[in-house]
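Number 879 in the working numbering belongs to position 109 of the sequence shown; there are no gaps in the numbering.
Each remark here refers to the structure printed beneath this line.
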Amino acid sequence: MKRIGVTGHRNIPRAAQGHIRAEILAVLRQHGGAMEALSCLAVGADQLFADLALSCGAELTVVVPSGDYADGFTEPGELACYEALRGRATREVRLAFAHSTDEAYYAAGAYIADNCDRLLAVWDGCPARGLGGTADIVHYARDLGKPVTVIWREGLVRD
């Protein structure tokens with residue numbers, strides 16, 4: 771079974787959403803066959819990836835960084851989307867962090883990188899805005915020698 775993990779930005783500019791969606795689908799479809807998708811189900815790239823992977827027939831493994839992770843979904847509809855995707859997961863991995871911290875997010879991203887065959891990164895190429903951000907996980911995965919596919923629309927800057 772091919773294992774594809776995701777890391778990516780929470781805020782994807784509207785102008786990039788169609789492009790990113792199409793690129794994620796292209797990566798998923800090229801792998802075909804039995805597939806496991808690993809995601810923390812954060813708002814943005816993680817949820818988009820998980821939804822598309824499920825639509826392609828992948829099994830979803832959710833990596834929950836901390837005991838209070840769900841408390842971070844504060845905007846209308848965010849928690850419902852998280853819970854809906856989580857409910858469709860085949861497997862759930864809960865890390866031992868009690869609270870959502872940068873260290874918990876880094877550990878979750880590292881877990882995904884450690885346990886995937888390819889990392890898909892919805893990343894603008896800029897440095898992480900905090901420990902455990904997309905850039906940190908891309909660098910971590912590359913240091914492991916994992917293949918990383920970066921998806922972003924050239925010339926676009928995120929908020």
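Note that beta-carbon positions come from the ideal geometry of N, C-alpha and C, so glycine has one too.
Evaluate Thr-777 with the Cβ neighbour count: other Cβ atoms within 10 Å of its Cβ, from every protein chain shown; 16 or more gives buried, anything less gives exposed. buried
Output the residue ranges of the alpha helix (DSSP H) runs that lie fully inside the stretch 806-858 and measure 4 residues or longer, sorted by chain position. 815-825, 848-857
Which of the three DSSP states, helix, strand or coil, is assigned to Val-918? strand
Gly-778 - partner residues in DSSP beta bridges: DSSP, once it has assigned bridges, lists Val-892 as partnering Gly-778.
Compare the beta carbon distance of Gly-814 and Arg-791 with 8 Å and say whether it is the shorter of the two. no
State the start and end residues of the unbroken alpha helix (DSSP H) segment that holds Arg-797. What sits at residue 797 in the sequence shown is Val, not Arg. 784-801 is the extent of the alpha helix (DSSP H) around Val-797.
Glu-862: first and last residue of the uninterrupted beta strand (DSSP E) it sits in: 861-867
At least three beta-carbon pairs within less than 8 Å, the stretch 853-861 to the stretch 815-831: Output reads yes: the stretch 815-831 touches the stretch 853-861.
I'd like to check one pair, Ala-891 with Val-863: are the Cβ atoms closer than 8 Å? no
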